[in-house]
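Engineer: In UniProt numbering, the protein residues as written are 1 to 116.
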Amino acid sequence: MASPPDVGSLKFNVDGVARGKPGPAGIGGLLRKNCGAVVAMFSIPIGVLDSNVVEVMAIKEACRMVTEKLDLSSSGIIVKSDSLNAVSWVRHPLEIPWRLLSHFQEIDLFLSTNGN
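(1) Cβ-heavy atom distance between N34 and the ligand ADP below 8 Å?
(2) Here's the rule I'm using: 16 or more other beta-carbon atoms within 10 Å means buried, otherwise exposed. How should V66 be labelled?
(3) Is it buried or exposed for V53, if we count other Cβ within 10 angstroms and need 16 for buried?
(4) For the putative contact between E55 and N85, defined by C-beta atoms under 8 Å, what is the C-beta separation to the nearest angstrom?
(5) Would you kindly report the start and end of the unbroken alpha helix (DSSP H) that includes D15?
(6) For I77 and I59, I'd like the C-alpha separation in whole angstroms.
(7) Could you pull out every residue in the same chain whose Cβ sits closer than 8 Å to the Cβ of G47, ignoring the five residues on either side in sequence?
(8) With H, G and I counted as helix, E and B as strand and the rest as coil, what does DSSP make of P40?
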């Protein structure tokens, strides 16, 4: 089980999967409080894509839910992904593949809007 966030924060564990490269794909996520209580979750089929796109789309969906649906913009939100590529691209934007740039621009908008 994923570790809970610090007191006063929320943690969104996300994942994406594609069967094949590309292949049928889906994304999912679970938003929890530090006590383990589930605040929100999602599981969405997203068509035929490759794993890198899918992992980034899972992060983007978590960001979208927090800003558009959950009204949690003032809460401390941690988004956790097991994708080494996606995490690396968030930390090193100059390395983002051009085909994923629009997804990261949306993620960046979330981060700047919420001060994270």
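For glycine and all other residues, C-beta sits at the position ideal for the given N, C-alpha and C. Only a predicted model underlies this, so the values are computations on that prediction, with no experimental measurement involved.
Structural biologist: The short version:
(1) As far as ligands go, the structure on display features none, and thus does not contain the ligand ADP.
(2) buried
(3) buried
(4) 7 Å
(5) Note, D15: premise wrong, no alpha helix (DSSP H); beta strand (DSSP E) at 9-18.
(6) 12 Å
(7) P24, A25
(8) Checking the sequence, you will find Ala at residue 40 rather than Pro. The answer is strand: DSSP assigns A40 an E or B state.
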